[in-house]
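Report on one structure; see the data block that follows.
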Amino acid sequence: MKITIITVGKLKEKYLKQGIAEYTKRLSAYANIELIEVPDEKAPENLSEADMDIVKQKEGERILAKISQDTYVITLEINGKQLTSEQLASHIDQLATYGKSKIAFIIGGSLGLSSDVISRSDYALSFSKMTFPHQLMKLVLLEQIYRAFRINRNEPYHK
1092 MKITIITVGK LKEKYLKQGI AEYTKRLSAY ANIELIEVPD EKAPENLSEA DMDIVKQKEG
1152 ERILAKISQD TYVITLEING KQLTSEQLAS HIDQLATYGK SKIAFIIGGS LGLSSDVISR
1212 SDYALSFSKM TFPHQLMKLV LLEQIYRAFR INRNEPYHK
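When you line the sequence shown up against this note's numbering, it's residues 1092 to 1250, in that order.
Laid out in structure tokens, this is it:
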């Protein structure tokens, strides 16, 4: 299985880079992992709604350019479906069973995802109704994907 995680913006924090490197290494025993960072669109703090849409559109185009037609796309969205770790594991297992060997998880930038990216999504996933820094979500997502593979193989993993 090939798992791609596409994020907007460059990761700067050393502690997050270390955690992401650790879970990427652990996951490599279960799947081919690719981490893609697309550039974020520079924008001032006080944007109009129209300007926010333009920023999201430009970032969305960069995201969509990295996704092939045969990829199953899971977007992280605040209004997506909340799953337990076991339910996420089951969802990933079902995708593999039905021949969906390419999965892309998409984490948007600080303004969220464009309507085009949301339209391309096959599944909207939410980790919480709370808002998290998108760089931190990359680490949390990798840990949950790793946990999912451990669960699917009946391997021990702390609860």
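We put the beta carbon where it would ideally sit given N, CA and C, even for glycine.
Contacts around residue i, its chain only, beta-carbon distance under 6 Å, and the 5 residues preceding and following it disregarded
i: Phe1240; result: Tyr1121
i: Lys1149; result: Glu1132
i: Ala1134; result: Val1146
Nearest candidate by alpha-carbon position, reference residue i, set the options
i: Ala1112; options: Leu1126, Gly1100 and Val1099; result: Leu1126
i: His1225; options: Lys1116, Val1099 and Lys1093; result: Val1099
i: Ile1165; options: Gly1199, Arg1153 and Lys1103; result: Gly1199
i: Ser1212; options: Ala1141, Lys1172, Thr1115 and Asn1123; result: Lys1172
i: Tyr1163; options: Ser1206, Gly1190, Pro1130 and Thr1222; result: Gly1190
Neighbourhood of residue i by C-beta, 7 Å cutoff - its chain only, sequence neighbours within 5 removed
i: Gln1235; result: Ser1176 and Leu1179
i: Lys1108; result: Leu1102
Helix, strand or coil at residue i [DSSP, three-state]
i: Thr1188; result: helix
i: Ser1201; result: coil
First through last residue of the alpha helix (DSSP H) which encompasses residue i
i: Tyr1114; result: Lys1105 to Leu1118
i: Gly1151; result: Glu1140 to Leu1155
According to DSSP, residues forming a beta bridge with residue i
i: Glu1125; result: Thr1095
The beta strand (DSSP E) enclosing residue i, as first and last residue numbers
i: Phe1196; result: Lys1193 to Ile1198
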